[in-house]
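If you read the first sequence in my numbering, its first letter stands for residue 431, the second for the next number, and so on.
Yeah, the Cβ is synthetic: ideal placement off N, Cα and C, and Gly gets one too.
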Amino acid sequence: MPPFEHDATALPLLRGLNPEQLAAVTQPAEPALILAGAGSGKTRVLTTRIAWLIQTGQVSPGGILAVTFTNKAAKEMLTRLGTLLPINLRGMWVGTFHGLSNRFLRAHWKLAGLPQAFQILDATDSVSAVKRVVKALGIPEERCPPKPASWAIANAKEAGLRPGQLPIHDELSRWHAEIYAAYEDQCAREGVVDFAELLLRTVELLEREPALRTHYQQRFRHVLVDEFQDTNTLQYRWLQCFAPPPARGEAPGQGVFAVGDDDQSIYAFRGAQVANMADFEQLYRVRQVVKLERNYRSHGNILDAANHLIANNSRRLGKNLRTEAGAGEPVRVQESATDFAEAQWLVDEARQLHREGSPRKEIAVLYRSNAQSRVVESALFNAGLPYKVYGGLRFFERAEVKHALAYLRLIENPDDDTSFLRVVNFPARGIGARTLEQLVDAARASGRSLHQAIDAVPGKGGASLGAFRKLVEGLREATAGLTLREIIEHVVEASGLADHYRAEKEGEERLENLGELVNAAEAFVTQEGFGKDAIALPVDELGPAAAGSAPIAPGTLAAPRSADEPLAVAPAAPGPLTPDAETGEIISPLAAFLSHASLEAGDNQAQAGEDAIQLMTVHAAKGLEFDQVFITGLEEGLFPHENAMSDSDGLEEERRLMYVAITRARKRLYLSFSQSRMLHGQVRYHVKSRFLDELPEGALKWLSPRQAGFGHGSPYGSGGAGHWRGDSGRSGGDSGRREREPGASWGHRASEAPATPPSWLGAAQAQAAAASTGAPTLRPGQGVFHTKFGEGVLLTLEGSGADARAQVRFGRHGIKWLALSVAKLTPVD
DNA sequence: TTCGGGAGAGTTTTT
DNA sequence: CTCTCCCGAA
């Protein structure tokens, strides 16, 4: 390593780092493993490390490879780097495993055996492709459903296996292997790759081409991996291609900087191997593992809870978070009789927090599974509190957007049968199942794509197909030379999509989304620096200029190779594309945008920055932090989830999940559970989660466990919660229960409420009614709940018996008169 | 082609 | 219960 001219640890860049962070950032250029606890400044360490390496002249930006799991993390890293270093970061490889693999394969498509314009299938596309394969092979779909088959293929690829290497133990696994093989052929014919294929191709190519491998290894002097605990087998192999473990008796050639937290490994269920961390330490002969245990996020009681909990896991690398922020508030625990009561309590609590000055976006409601959001949503909606649910359809997954993208993909690659089938008859143009069947048969018989087989279909159907082909060709011609924005606008109109949605009653939102697609494209062009003409994607150039601090002599690359094409990515450009003058790389903005659309599904529910309470699963919350966090549904069977409770691995993962949930909170943490819950249309009774028993009592405060408010509707005996009553006594019992200002909670403005109710709202509340039985005594001024209108306050009572009426002011529906013989009003408090 | 009934499933999920 | 998917009928 080059000696530094000055004290490299005294740079302004490093100011404010604690000793462990500083040690991590300034690790020598050799394999390093950083155990970075939650809230310990992991991203800061990662980015500062890169900036430090560059600033001290140890590497040029082109010599950096930094890989993450999500686009968000990659973007974040680039943004922070931009503020740390005022230099051009082009040439640096920062991205997701998939994004970087795509970049690699775009540069080496020929060597990788891919068509230049290869398209990327997302998970949904992949399932439909598998489905076609299953049909083609004549395998009974009901006995071998496409979805599991598609998963099996993805799993196999992520384990690094090709069809021939799959173990076969029964009929199903034999089918899966057959399907996998035929699926590969089909993908090759259509010029498409799925997500896992991006990585596997990259790995296989690098493993098979020593010269290429050496080139990249020499170029990337420093390789950094984020969230290392989440890597699967294939990703670990991928890493080893770019940064091989040091050979026996040799000094490490590269700096490999792996950052992870085994306690936050929550993706084992999809193939992540926590064991990769321990393996890495051995294989790469890491000299010293740096632990970042200073937490800058949470108060002491919250960290105590987290530490205590996770200590119950056996296989750990060992780490304990600590803070200097002081104990802070106790962790609050709440028991409710029903999920509905839990939601109601949560709403009250959240409203109070907001009144006390907390922004709503700093309040998060976390749950183990998506279904649990329902009750909370309806309670929030009726209370008029704005909220935002994360999860669900993302932008590029919306049907109308996928339709538009399918047309665009056909322009790029007419052989993409997945896209072909998606839009050949959408909008409807009289191409029915019969015609398509003929087309599929013809294509299969001749081993061609659907597009190529069109002429083989006779009669009227053939004519319609011909018209469709003309349409696509017309789109291609008409959009040649246009800007990306113009291309999309033209395609949306000329394909008939726009007219179709204009005619549809509820097509307005879809039209808006298509407009959004144009905006997304525009933003992409601006961000990625794409001009109006075809220009180069910043793919890797194999010339010395790009080799960073590890220049390679010209000619050294080509020599050991047996294939006949040159290594450099400079084939002559066919068609309308213009090769980039410098690199010879050819890619149109459209092609780049299509890759982008496949690799980045977009935000979940990005509404304009309204201040809203955040609802999400614990998984979705990983990496985020909030002032106040509610963890709901802490019940055996739910959290830990019943499917994971049987084996210790599953249970430990659930516990890590709980650990992640706890460590999201900065100032205040609420843990809540309910005696009963509506699940799959049935009331289920649960006991409180074992995780609650694994928390230090001294850090907890139980909030009124048997509040009068619940006794009313509780259909259960006095069992269940009795045994921990003592706890609440010890910690002060109900004394911590906040008083509510009378009447204040109803005074919210309608404008604060979310604009549209969820479509299921009415139905979801029928269940709430079921929760409250008994004969309520009503009096004016009292809080009441109505199954349809939600929470309100009782203003007037009139009449008696069958004529009894009540006037109620509801939070969101205004003042209403209700016949008590019909309306079910439940007192709430 | 579209609509509606019936069946089946119902942790977590990025790319 | 509630959503999705698939098939059959109009």
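According to DSSP, which residues form a beta bridge with residue i?
i	result
Asp-552	Partner(s): none; Asp-552 has no beta bridge.
Trp-605	Partner(s): none; Trp-605 has no beta bridge.
Tyr-1100	Arg-762, Phe-1060
Met-507	DSSP, once it has assigned bridges, lists no residue as partnering Met-507.
Glu-1221	Phe-1215
Val-563	Beta-bridge pairing links Val-563 to no other residue.
Trp-523	Leu-495
Identify whether residue i lies in helix, strand or coil by the three-state DSSP scheme.
i	result
Val-999	Because the pLDDT at Val-999 is just 32, under 50, the model does not fix this residue reliably, and the value given afterwards should be weighed accordingly. Coil.
Phe-1240	strand
Ile-861	coil
Glu-450	helix
Lys-749	coil
Val-1090	helix
Ser-744	coil
Ser-1161	Note that Ser-1161 has pLDDT 33, beneath the 50 cutoff, so the model's placement of it is unreliable and no number is given.
Thr-768	strand
Ile-1245	strand
Arg-1168	Interpretation of Arg-1168 is limited by its pLDDT of 28, a score under 50 that renders its predicted location unreliable; the figure taken from the coordinates is listed afterwards. Reduced to three states, the DSSP call for Arg-1168 is coil.
Met-1108	strand
Phe-687	strand
Leu-444	helix
His-1026	helix
His-599	coil
Trp-1190	coil
Lys-472	helix
Val-831	helix
In angstroms, rounded to a whole number, what distance separates the CA positions of residue i and residue j?
i	j	result
Phe-625	Val-795	31 angstroms
Leu-947	His-920	12 angstroms
Leu-912	Val-902	16 angstroms
Met-707	Thr-1047	26 angstroms
Gly-1063	Gln-659	27 angstroms
Leu-443	Gly-877	59 angstroms
Phe-770	Pro-576	38 angstroms
His-1026	Ser-1076	40 angstroms
Lys-890	Leu-635	46 angstroms
His-1071	Arg-724	31 angstroms
Thr-526	Met-507	11 angstroms
Gly-814	Glu-779	14 angstroms
His-1049	Arg-1086	11 angstroms
His-538	Glu-639	11 angstroms
Val-887	Ala-607	32 angstroms
Ser-808	Tyr-726	35 angstroms
Lys-1118	Arg-649	54 angstroms
Would you call the CB atoms of residue i and residue j closer than 9 angstroms?
i	j	result
Pro-1188	Ile-1043	no
Ser-799	Asp-1057	no
Val-853	His-833	yes
Ala-618	Thr-661	no
Leu-629	Glu-588	yes
Ser-1102	Glu-765	yes
Glu-830	Arg-940	yes
Ala-586	Pro-593	yes
Leu-530	Ala-481	no
Tell me whether residue i is buried or exposed, calling it buried when 16 or more other Cβ atoms sit within 10 Å of its Cβ.
i	result
Phe-499	buried
Gln-684	buried
Tyr-1115	exposed
Leu-596	buried
Ile-598	exposed
His-645	buried
Ala-673	buried
Arg-864	exposed
Gly-756	exposed
Ala-933	exposed
Ala-928	buried
Pro-449	exposed
Leu-1133	buried
Ala-1033	Correcting the residue identity first, residue 1033 is Asp in this sequence and not Ala. Exposed, since its Cβ has fewer than 16 Cβ neighbours within 10 Å.
His-1110	exposed
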